[in-house]
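Colleague:
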Amino acid sequence: MSSIARPPDPCLVAIILIVRSRTGPRLVFHYPPNPLSENRIKTTTKGGRRVSRTRSRQGARNTDSSSSSESGLSSDEDEEEREVHAAASGSASAIGRRASNFGLDDHASVASLNTEPHRPGSLGSGRVSSLRRQRGAGSDMEDDEHEGSFRAPWESLLGVPGSVWEKILSPSRSWHKRRFEVGINDLALIGWPVFVREDGSWRKQRRKKKKKPRAEWEGGELGHNEAEDGQGDEDMVLSPEMTASIASLADSAVSSTDNTKRASYASAKYGKHADGSADSDDKDHMTMFNVVFVMDPPLLEYSLRVKEIYENIIKKFAKALKWEQARTDYVWRESQHILQLRRKARETKTSVHNLYSELIQQSSLARAMYTVYSSISASKIASVSLSHDVSISLQIPPLTSTPYLAGPTDKAYPGLWLTTADSATPVDDQGTGESNTPHQVLAKHFALLLLDSEASIIKDVELSGGALAPALAHYIRCSKPTKSFAQISVSSGIPLSTIQMLASHLVYWRRARAIPPIHQRDTYIVSPNCDLSKLEVATIAYQTAFPTLPSLPKMLSALSGTPRPYSNFIPSKDHKEAYFTILAWLLRGGWVTQLRTFARIKVTPEVKLAVETALRKEEVDRYLAKANSNAGIDEDSTDEEDGASSSSSSSLASHGSGEETPMPGRNDPHLQLRTSHKLLDRSTALRLSSLILSPHRASPLESRWLDEIVARFPDKPGPGQSLEATSPDIAPKDIQTLLQKYWPIFLKYFNGIDALEKIPVRETLKRKLVWQVLTRLGFVTGPMGAVELDAREQVLVSVRHW
Amino acid sequence: MIKAIFYSKFDTQEGPKVVHQVPDGAIVPSSTAPAQPLFLIFSDISFFVIPRQELCGNLLQVCTNGYRILGYPICMKSPRYDRNEFIFNFCVVLAEEDDFSTYKSVVQKLADMMHALEEQNGFLSRDFSKSGEGKVYSLCEMLMEDLNNYCECMIPIDELNTLNIKLFPIYPSPPTVKAWQVPLFTVRYHAFMDENWDLTLQRIVPHINGINSVRIISILADTDFSLTCRAIRHLLYYGCLYILDIFSFSAIYAPTAQFSSTIASDESMQLESAGTSGSSSIGAGPLVGSLTDPATSVSRDEFRFDAEEIWPLLGDEDTNGLPYTPETLDNDIAHAGLIPSIVDGIGIVELYASLKQGQSVKQWYSQHSRELANIDIRRFITFGVIKGFLYRVHKYACATGQPASAARSSSILPARDSTGPSSRATTGTNTPYTASSVGEDAPISSAARRETSRERAASFQSGSRTGVGGSGPSGLFEDDEEEIDDRTLSKYLDGTHCIDQICTELEISERELTARLKRYPGEVLIVHR
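Residue numbers (UniProt numbering), protein chains in the order written: chain F, 1 to 802; chain S, 1 to 529.
1. Chain F beta carbons: is any one of them nearer than 7 Å to that of Val18 (chain S)?
2. With a threshold of 7 Å between beta carbons, is Asn58 (chain S) in contact with chain F?
3. At a CB distance below 9 Å, what residues from the segment 320-354 of chain F approach chain S? Give them in sequence order.
4. Using only the alpha-carbon positions, how far apart do Gln325 (chain F) and Ser385 (chain F) sit?
5. Tell me, please, which residues DSSP counts as bridged to His353 (chain F).
6. Drop a sphere of 10 angstroms on the beta-carbon of Arg511 (chain S), count the other beta-carbons inside from all chains shown, and report buried for 16 or more, exposed for fewer.
7. Helix, strand or coil for Met288 (chain F)? Go by DSSP, reduced to three states.
8. Are the C-beta atoms of Gly183 (chain F) and some chain S residue less than 7 Å apart?
9. Contact between the segment 7-23 of chain F and the segment 327-335 of chain F is defined here as three or more beta-carbon pairs at a separation below 8 Å; is this criterion met?
10. What does the alpha-carbon distance come out to for the pair Met114 (chain S) and Val18 (chain S)?
11. Can you name the residues of chain S whose CB is closer than 8 Å to the CB of Pro553 (chain F)?
12. When you compare only the Cα positions, how much space is there between Pro669 (chain F) and Glu619 (chain F)?
13. Throw me the rounded Cβ distance for the Arg529 (chain S) and Leu532 (chain F) pair, which I believe falls under 8 Å.
14. Name the chain S residues that come within less than 9 Å of Ile753 (chain F), Cβ to Cβ?
15. Tell me whether Tyr520 (chain S) sits in a helix, a strand or coil according to DSSP, three-state version.
16. Could you name the residues that DSSP lists as bridge partners for Trp417 (chain F)?
17. Is the beta carbon of Gly132 (chain S) sitting closer than 7 Å to the one on Asp24 (chain S)?
18. Starting from Thr581 (chain F), trace the beta strand (DSSP E) both ways and give me its first and last residue.
19. Taking CB distances under 7 Å as the criterion, tell me whether Leu561 (chain F) reaches chain S.
20. If you follow the alpha helix (DSSP H) that Asn89 (chain S) is in, where does it begin and where does it stop?
21. What is the rounded straight-line gap between the Cα of Leu147 (chain S) and the Cα of Pro34 (chain S)?
22. Using C-beta distances below 8 Å, list every residue in its chain close to Cys56 (chain S), excluding the 5 sequence neighbours before and after it, in chain order.
23. Which of helix, strand or coil does DSSP assign to Pro550 (chain F)?
24. Beta-carbon of Val164 (chain F) versus every beta-carbon of chain S: anything under 7 Å?
25. According to DSSP, is Pro297 (chain F) helix, strand or coil?
26. Hey, is Thr256 (chain S)'s beta-carbon within less than 7 Å of any beta-carbon in chain F?
27. Would you check if the segment 262-276 of chain S and the segment 192-210 of chain S touch, i.e. whether three or more CB-CB distances between them fall below 8 Å?
28. Run through chain F and tell me which residues come within less than 7 Å of Pro521 (chain S), C-beta to C-beta.
29. Along chain F, in chain order, which residues have C-beta atoms closer than 7 Å to that of Tyr391 (chain S)?
30. For Gly384 (chain S) and His394 (chain S), what's the separation of their Cα atoms in angstroms?
31. Buried or exposed: Ser453 (chain F), going by 16 or more other Cβ atoms within 10 Å of its Cβ?
32. Would you say Ile499 (chain S) reaches chain F, if we count a Cβ-Cβ gap shorter than 7 Å as a contact?
33. Where does Cys140 (chain S) fall in DSSP's three states?
34. Anything in chain S within Cβ reach of Thr544 (chain F), meaning under 7 Å, just list it in chain order.
35. Whose Cβ in chain S lies nearer than 8 Å to the Cβ of Pro161 (chain F)?
36. State buried or exposed for Ser489 (chain F), treating a residue as buried only when at least 16 other CB atoms are found within 10 Å of its CB.
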């Protein structure tokens, strides 16, 4: 059970390749041959609503609880939905996740293609297409380019003849290497057209020899060097980072660099050669190619979906093609090959099915488009090899976790890992920094959770060969979800930076997930976002993985109660390993999530008052000192005293700004009024407790409060504390000093955002000790009143969530 | 925001051509317009503005130069035209990144209208006025101005035709409504309901109060259940409702990850919570009023002065724990000694923070009864759910197929004792749907008030006890004491049905369900999620 492959939703309908040569634009290839074909029947019966949506909604209902009351209502619901849509001024916008299994089973879909000629008019919504059809019937839609009695079914796409597509999808040069976006009804067509340069080449001629390693196509994952996109754009230089995809490792350029180079030298010649072999075109050259992705995103997610696929797939795929075109005239060669096969098929009246299987078999470009389509529309990773030494892996990176629990009216993604544990968090930022890069450096205090069995991942890695494989395999063997990257680095001797790089590679390519290290003292609960509809399937999978241990429902039921540290569930020391494996399994499937603790410091009125008193005293002292030094200036000392106190109080009251600005214009008549307000204000604020939101950026007043809180920590343990059972090994006296010692270290975690579970990992302290200190500070794990604590130390307001 | 509107047609001499443009000089250079950069180059997009006739009659859009151009080309065939056809397109230009969904229908409607006008009297083909003049131009001009300024327009074209357009926002389609969900208005429905409303809506609306479940609403309103669901879904579509869960004292609530960023750091939210659930608000109308009334969401500064009255008081049986010692503060609060102890903002945060998994509201209340003395618990919890920093922990029953035996408390698993998940046994003793269904304005704290609320028939119905509306629940259940058979029950025990659902659909209370599950042949585990 793979837990990922979640949103994003690709909404992919088809991929089209258009090339333009002197003879004009040609629609070379599109996949699938009959996009949205299964929708067309329903388009007429179902009032124009897309079947993909309807189907997924039905699916959703099936997985939904099929309640007794609901089951009889399905037709009503349909009507209802339509009605709601009608209310939205006719714009259908399905929120349910649409089925993303277009071509999930590729062979089946190829096999089931009907060979009947395309019916026109499947372009978008029913109303429009019917309009269109009426007009179309009147006009003679004579095919201009391919006259003849037999009109091949693949010459038209979505009910529109290919020549129309050729016109509309071959834009002017102003779109060169820009996003090309056209919409037809509900369909969006996105491309990244590439034009030949004025001099007839496909990239800037530059001496690459010096930068030999950079000039080689590593087939790697282009997102890695987004930063150098600007300058590296023209010539597609890609650094041979070790972060190349696993898939591409198979075709790693290490051994084939020589080939590649030679090929690129010979590119122009090679291209001509290919021309010569293709009998029909003499000396024709391609001037543009455009790979267009047809999508049908829901209206409300339009820009999001388009951006996802454009940034992650379209641009990278087109860039790879451009690279190959520049190197070996690849796109033109393949296009001619495809066109030739199509011509032949038209002559022999081959069926679509046969033509397509032939194309996919014979043309690596057709195969690449087929692979991209089938993998991306199934939210999988597309591993595409354009030639024997160039391959790329493309994916829309999936969402791996969310801190938001969907409410009843939100779109939910059950099964998604629910957590606030982000591998780059505020405190991390000081250390690692950039979290915007596609491959953020993983925080060193995270651990690696493999999403598949260790053996199968290692097998895949070794199968793919490649430069990274030994290092990856070694690291995977060393890795443990219970140990952080830093700890693994120490124990295995692999440098931390290498580990982080390898781990982020595995994470990016969906083989692993970065999690806070599993620990038996941490608490885990059943994730409120777990997908109980999968319970049955998962129970069986679990059963085979852990046949002798308590069943999945039992584990979930056990974890359902009052949250307790995981160690409570481990029956004996011998079971520890097994139970950690179970926990890893549960985390992987999104069944459980760690319950983490967050705290802020509470400032009580007593503390506020004490600080207030002290501040006033200081103010008076300062004034007196000042008055003594230049007594001549102030004549009315009593009035002045009022002013002084008001100034102090105002600075207190405005503790939000925190600036202790001296009050200008003390004798301002308005001041009196304002002062009285401020005093009132202050009186309210002083009566109430408040929280310090970010202690490491405390305002001056907050700092005073913090000092006062620390000063109030009892020097000696209060009565009853000596009875404390939690610390047999540490004398009570030590605890007091511990508190004084660790307070400054812990302080920055008391911001309500950083989980307290981080403290022991990050500060490399003993968990027990940390929790003892935290318990003194008012963090209650167990039942209340188990230990008697000193109220003066109870300064934390803590809350636990994921 | 529409950046430009232009009218383009296929000229038999010149090819695709922009006839009128608003603003002048936006699409093609104009002699009358001040020199300014063009929004885009028309020749780049003319292939799409005047496309091949196969694409006419479709809504087309293209992006260029940071603009998105929406058009709906129309091709009309008639012998009265040169070459027997007339192709035109009214295009709307928007910023590329702007939301264009609402303008799709505008473009479509405009095209249909122009199509009709042209058919009637050659409105377009007989317009020979210069660029920037004439009826068609002023139509474009008014359309753009009105839509940008008022989001609607009503432009009279001739004595028969008027162009009426309004921009409608597009919302996601709402999820299906479940019988065990509890709707609550986000608005005062009285303000906009009128007698033209749908009859079902009119009947159910008075029963939507944040207590009644959908099933109860349909019973109380005596409306068909499926119609009720549809009506509620309709309200949901327009954002008029929150969807809550059935509140009961055996329910479990816990904080979400939004806790720190909302209630714990937002003082005005703390005040709001106190305002809606504290004693001062009791009897101040339904929860929704205080939540949605803009008057209550005043800024922090305005709160300061009457903040004191907002914080709920502590229970007064105990006075030694004053959180505030007034002696040290001087004259401005002379009556300090009289200040009662209160639950302040942080107190509220602490109360919310003490809700946790595995602990029912009842258990939570018993631990914090003093602080909660003057707090309406249902409102207090509901507030957290609405604001998203609390979530309801739902219980799911799951039959494992194993025999129900002593193995249930397997040695390696924690005993299913009273603190564990199976605390349902203890929490269930107080059936939530009778004693704990709190009336709209009755805090649970005082037994007397509970009595009065008990008398309110409506509040009885808040749970899943859906029998026949009106009749006393206890009596009802003595009548149909006959067992729910195992087959019916087993359908619900696959782990995908929460207890609320099972109770609502089988029309039993949670306690009865718990008792029934004990008699179920085979092991039944409860999973909290």
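For each residue, glycine too, the CB sits at the ideal point set by N, CA and C.
Source: prediction; values computed, not measured.
Modeller: This is what the structure holds:
1. Residue numbering aside, residue 18 (chain S) sits at position 18 when the second sequence is read from its first letter. Val18 (chain S) does not count as touching chain F.
2. In the second sequence, the residue the question calls residue 58 (chain S) occupies position 58. So yes, Asn58 (chain S) belongs to the interface.
3. From the segment 320-354 of chain F, no residue has a Cβ closer than 9 Å to chain S.
4. Translated into positions along the first sequence, residue 325 (chain F) becomes position 325. Translated into positions along the first sequence, residue 385 (chain F) becomes position 385. Cα to Cα, Gln325 (chain F) sits roughly 14 Å from Ser385 (chain F).
5. As a first step, residue 353 (chain F) is located in the first sequence; it is residue number 353 there, counting from the start. DSSP output for His353 (chain F) lists no bridge partner at all.
6. If you number the second sequence from 1, residue 511 (chain S) lands on position 511. Buried, since its Cβ has 16 or more Cβ neighbours within 10 Å.
7. Residue 288 (chain F) sits at position 288 when you count from the first residue of the first sequence. Three-state DSSP puts Met288 (chain F) in a strand.
8. The sequence position of residue 183 (chain F) within the first sequence is 183, counting from 1. Chain S, which has a Cβ nearer than 7 Å to the Cβ of Gly183 (chain F), makes this yes.
9. Proximity of the segment 7-23 of chain F to the segment 327-335 of chain F meets the contact definition, three or more beta-carbon pairs being nearer than 8 Å.
10. In the second sequence, the residue the question calls residue 114 (chain S) occupies position 114. In the second sequence, the residue the question calls residue 18 (chain S) occupies position 18. Roughly 16 Å between the two C-alpha positions.
11. In the first sequence, counting from the first residue as 1, residue 553 (chain F) sits at position 553. Taking the beta carbon of Pro553 (chain F) as reference, the chain S residues within 8 Å of it are Cys398, Thr400, Gly495, Leu525 and Val527, listed in sequence order.
12. Sequence index remark: in the first sequence, residue 669 (chain F) carries index 669 (1-based). Sequence index remark: in the first sequence, residue 619 (chain F) carries index 619 (1-based). Confidence is the limiting factor: at Pro669 (chain F) the pLDDT is only 45, short of 50, which leaves the residue's position unreliable and the question unanswerable from this model.
13. Numbered from 1 along the second sequence, position 529 holds the residue referred to as residue 529 (chain S). Numbered from 1 along the first sequence, position 532 holds the residue referred to as residue 532 (chain F). Confirmed, about 7 Å.
14. Position 753 of the first sequence holds residue 753 (chain F). Those within 9 Å of Ile753 (chain F) in chain S are Ser260 and Ser261.
15. If you number the second sequence from 1, residue 520 (chain S) lands on position 520. Correct three-state label for Tyr520 (chain S): coil.
16. On the first sequence, residue 417 (chain F) is found 417 positions in, with the first residue counted as 1. Paired residues: F:Ser401.
17. Residue numbering aside, residue 132 (chain S) sits at position 132 when the second sequence is read from its first letter. Residue numbering aside, residue 24 (chain S) sits at position 24 when the second sequence is read from its first letter. In contact: Gly132 (chain S) and Asp24 (chain S) (Cβ atoms closer than 7 Å).
18. The residue you call residue 581 (chain F) lines up with position 581 of the first sequence. Looking at the DSSP string, Thr581 (chain F) is not in any beta strand (DSSP E); the run it does join, the alpha helix (DSSP H), is Lys576 to Arg588.
19. Residue 561 (chain F) sits at position 561 when you count from the first residue of the first sequence. Note that residue 561 (chain F) is Gly in the sequence shown here, rather than Leu. Chain S, which has a Cβ nearer than 7 Å to the Cβ of Gly561 (chain F), makes this yes.
20. Here the question's residue 89 (chain S) lines up with position 89 in the second sequence. Not the alpha helix (DSSP H): Asn89 (chain S) falls in the beta strand (DSSP E), residues Glu85 to Ala95.
21. To locate residue 147 (chain S), count along the second sequence from 1; it is residue 147. To locate residue 34 (chain S), count along the second sequence from 1; it is residue 34. So the two alpha carbons sit approximately 24 Å from each other.
22. Residue numbering aside, residue 56 (chain S) sits at position 56 when the second sequence is read from its first letter. Within the same chain, Cys56 (chain S) has close Cβ partners Pro73, Ile74, Cys75 and Ile87.
23. In the first sequence, counting from the first residue as 1, residue 550 (chain F) sits at position 550. The answer is coil: DSSP assigns Pro550 (chain F) none of H, G, I, E or B.
24. As a working note, residue 164 (chain F) is residue 164 in the first sequence. At least one chain S Cβ lies under 7 Å of Val164 (chain F).
25. Here the question's residue 297 (chain F) lines up with position 297 in the first sequence. Of the three classes helix, strand and coil, the one that applies to Pro297 (chain F) here is coil, per DSSP.
26. Position 256 of the second sequence, counted from the first residue, corresponds to residue 256 (chain S). Yes, Thr256 (chain S) lies at the interface with chain F (some Cβ there is under 7 Å from its Cβ).
27. no
28. Looking up residue 521 (chain S) in the second sequence gives position 521. None at all; the shortest Cβ gap to chain F is about 17 Å.
29. On the second sequence, residue 391 (chain S) is found 391 positions in, with the first residue counted as 1. Going along chain F in sequence order, the residues near Tyr391 (chain S) (Cβ under 7 Å) are Leu405 and Pro528.
30. Sequence index remark: in the second sequence, residue 384 (chain S) carries index 384 (1-based). Sequence index remark: in the second sequence, residue 394 (chain S) carries index 394 (1-based). In a straight line, the C-alpha of Gly384 (chain S) is about 16 Å away from that of His394 (chain S).
31. Start at 1 with the first residue of the first sequence, and residue 453 (chain F) comes out as number 453. Per the 10 Å Cβ criterion, exposed.
32. Position 499 of the second sequence, counting from 1, holds the residue named residue 499 (chain S). No, Ile499 (chain S) does not count as interfacial toward chain F.
33. By 1-based counting over the second sequence, the position of residue 140 (chain S) is 140. DSSP places Cys140 (chain S) in helix when its eight states are reduced to three.
34. Your numbering for residue 544 (chain F) matches position 544 in the first sequence. None at all; the shortest Cβ gap to chain S is about 16 Å.
35. For the purposes of this step, residue 161 (chain F) is taken as the residue at position 161 of the first sequence. The contacting residues are Glu54.
36. Position 489 of the first sequence holds residue 489 (chain F). With 16 or more Cβ atoms within 10 Å of its Cβ, Ser489 (chain F) is classed as buried.
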